[in-house]
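Report on the structure given below.
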Amino acid sequence: MRPIVIVPACTRDFGEHPYHAAQYKYVDAVVLGADCAPMILPSLGSVLDLETMFGLIDGIMLTGSASNVHPSYYSQEVLDPSLPQDRARDETTLPLIREAVRRGVPLMAICRGFQEMNVALGGSLHQAVQHVAGKMDHREKPELGMDEQYGDAHKVEICPGGRLE
Numbered sequence: 001m002r003p004i005v006i007v008p009a010c011t012r013d014f015g016e017h018p019y020h021a022a023q024y025k026y027v028d029a030v031v032l033g034a035d036c037a038p039m040i041l042p043s044l045g046s047v048l049d050l051e052t053m054f055g056l057i058d059g060i061m062l063t064g065s066a067s068n069v070h071p072s073y074y075s076q077e078v079l080d081p082s083l084p085q086d087r088a089r090d091e092t093t094l095p096l097i098r099e100a101v102r103r104g105v106p107l108m109a110i111c112r113g114f115q116e117m118n119v120a121l122g123g124s125l126h127q128a129v130q131h132v133a134g135k136m137d138h139r140e141k142p143e144l145g146m147d148e149q150y151g152d153a154h155k156v157e158i159c160p161g162g163r164l165e
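Going by this note's numbering, the sequence shown opens with residue 1, and the numbers climb by one from there.
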């Protein structure tokens, strides 16, 4: 039996209808890259039964997203109300992360997922780091093709005997 990895969903409106959604690239990475079985977790916040869920899973992949962690979770005001927020995802992933850490469940974080881990564990964020001298602009570059935007960006070395080996 393959390990089960949670992929938290974002909330999106398609037309007039709200959906829970996960991008293909993340689900494909769990299936094709890690040879695990994905479980897409709807953004239901406190309605989720974490006890049952943690009895079923082996790990969590915190994905990237077009949305941002709401600044109220790190004691700041919203600086740019035009930027997308996903409170339902925040209300799901932040408690999920804290419980995963408490239980020792492996977490892998990408983009927004890094931000969620930082905030869930008591950190804060800079809402416009791209405007700080010497810092990288990590936002998507729509002028680049998808293969270039999401292709290999840096080398990753797996430590012998580690969890990823």
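Beta carbons: idealized from backbone N, C-alpha and C, even for Gly.
{"Item": "Anticipated Cβ contact below 8 Å, Asn-133 with Leu-79, distance rounded", "Value": "Sequence check: residue 133 is Ala here, not Asn. With 8 Å as the limit, Ala-133 and Leu-79 do not qualify as a contact, their Cβ atoms being about 18 Å apart."}
{"Item": "Segment contact flag, the region 85 to 104 with the region 58 to 67, C-beta cutoff 8 Å, min 3 pairs", "Value": "yes"}
{"Item": "Where Val-5 sits in the DSSP three-state scheme", "Value": "strand"}
{"Item": "Where Asp-86 falls, given that 16 or more other Cβ within 10 Å makes a residue buried", "Value": "buried"}
{"Item": "The region 1 to 15 / the region 36 to 53 touching (three or more Cβ pairs under 8 Å)", "Value": "yes"}
{"Item": "Assumed close pair Thr-11, Arg-112 - CB separation to whole angstroms, cut-off 8 Å", "Value": "Contact flag wrong, Cβ pair sits at about 13 Å."}
{"Item": "Residues bridged to Asp-13 [DSSP beta-bridge criterion]", "Value": "Pro-18"}
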